[in-house]
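**Student:**
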Amino acid sequence: MDNRNRLSADHDWLSFADNIRRGAISRAEAFHQFQDLRRDKRLKGMGPAFFTKLIYFLSPRGGAAPPAHILDQWTGSSVNLLSGSDVVRMDIVTTCLWKQDGSRTIDTAHNVSDHNTALHYEAFCIKMDALVSIFSRSVDEIDCALMSEGSDISWREYLKTSRVHLA
0 MDNRNRLSAD HDWLSFADNI RRGAISRAEA FHQFQDLRRD KRLKGMGPAF FTKLIYFLSP
60 RGGAAPPAHI LDQWTGSSVN LLSGSDVVRM DIVTTCLWKQ DGSRTIDTAH NVSDHNTALH
120 YEAFCIKMDA LVSIFSRSVD EIDCALMSEG SDISWREYLK TSRVHLA
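Everything in the sequence shown is counted per numbering that gives the first Met the number 0, starting at 0 for the first residue and increasing by one.
(1) Consult DSSP for D17 and reduce its assignment to one of helix, strand or coil.
(2) Below 8 Å on the Cβ atoms is my contact criterion, and I expect V111 with L70 to pass it. Report the Cβ-Cβ distance as a whole number of Å.
(3) How is the alpha helix (DSSP H) around V92 delimited, first residue to last?
(4) Who pairs with R103 in a beta bridge, going by DSSP?
(5) R38 lies in the alpha helix (DSSP H); which residues open and close that run?
(6) Comparing alpha-carbon positions, which option in L57, L81, V87 lies nearest N18?
(7) Under the three-state reduction of DSSP, which class applies to N79: helix, strand or coil?
(8) Are I26 and P65 closer than 9 Å when you measure CB to CB?
(9) Are the region 26–40 and the region 85–105 touching by the rule of at least three beta carbon pairs closer than 8 Å?
(10) Tell me which residue opens and which closes the alpha helix (DSSP H) that H119 is part of.
(11) Answer yes or no: do L145 and T74 have a C-beta to C-beta separation smaller than 9 Å?
(12) What residues in its chain sit with their C-beta under 6 Å from that of F123, if we drop five residues either side in the sequence?
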């Protein structure tokens, strides 16, 4: 079952999503509620990198509440690198893959850990809010820049080489 079908099959989720959309709960509370659903095995296959995208896109814009941010491997690793600390807990997974020609390659992934709490997410969002303020850019521009959207992948490449030293 894909993520869309899982979510549409859970009617409690629809009420919860509406609360996010109306701004009735904070970004940290939304994260906490998603973590509870995940802990209860109601969000199989949907970790923080997925459900923070839902929080981001469902949250109202331009209100009094601070904006939600997408917490994925790129934004989480970026905030950790820029702040010089583990604001976001990242699971580091190394895989050795064999190629068809008999050689092998080693790949290291930095995944957003399930051990992040609403407090971690709020601390991450506060750092992202600071970047929005420092660079006088929109939330969308900062999120996209840290994800290296489009053809400019220079930040992503820098991040890949730099975060190895953080592990």
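The beta-carbon is built from N, C-alpha and C at its ideal position, and this holds for glycine as well.
**Tutor:** So, from the data block:
(1) Within the sequence shown, residue 17 is the residue found at index 18, counting from 1. DSSP places D17 in helix when its eight states are reduced to three.
(2) The residue you call residue 111 lines up with position 112 of the sequence shown. The residue you call residue 70 lines up with position 71 of the sequence shown. About 6 Å separates the two Cβ atoms, so the contact holds.
(3) Position 93 of the sequence shown holds residue 92. Note, V92: premise wrong, no alpha helix (DSSP H); beta strand (DSSP E) at 89–97.
(4) In the sequence shown, the residue the question calls residue 103 occupies position 104. DSSP lists W97 as partners of R103.
(5) The residue labelled residue 38 in the question sits at position 39 within the sequence shown. Secondary structure note for R38: its alpha helix (DSSP H) is the uninterrupted segment 26–38.
(6) For the purposes of this step, residue 18 is taken as residue 19 along the sequence shown, with counting starting at 1. Taking the Cα of N18 as reference, the smallest distance to any Cα among L57, L81, V87 is reached at L57.
(7) Taking the sequence shown and counting its residues from 1, the one referred to as residue 79 is at position 80. Helix.
(8) As a working note, residue 26 is residue 27 in the sequence shown. As a working note, residue 65 is residue 66 in the sequence shown. Strictly speaking, residue 26 in this sequence is Arg, with Ile absent from that position. Taking 9 Å as the Cβ cut-off, R26 and P65 qualify as a contacting pair.
(9) Taking 8 Å as the limit for Cβ pairs, the verdict is that the region 85–105 does not touch the region 26–40.
(10) In the sequence shown, counting from the first residue as 1, residue 119 sits at position 120. The continuous alpha helix (DSSP H) containing H119 extends over residues 117–134.
(11) Within the sequence shown, residue 145 is the residue found at index 146, counting from 1. Within the sequence shown, residue 74 is the residue found at index 75, counting from 1. One thing to note: L145 has its Cβ within 9 Å of the Cβ of T74.
(12) Translated into positions along the sequence shown, residue 123 becomes position 124. Excluding five sequence positions before and after F123, the CB atoms of its chain that fall closer than 6 Å to its own CB belong to L70, V78, V86, V87, given in chain order.
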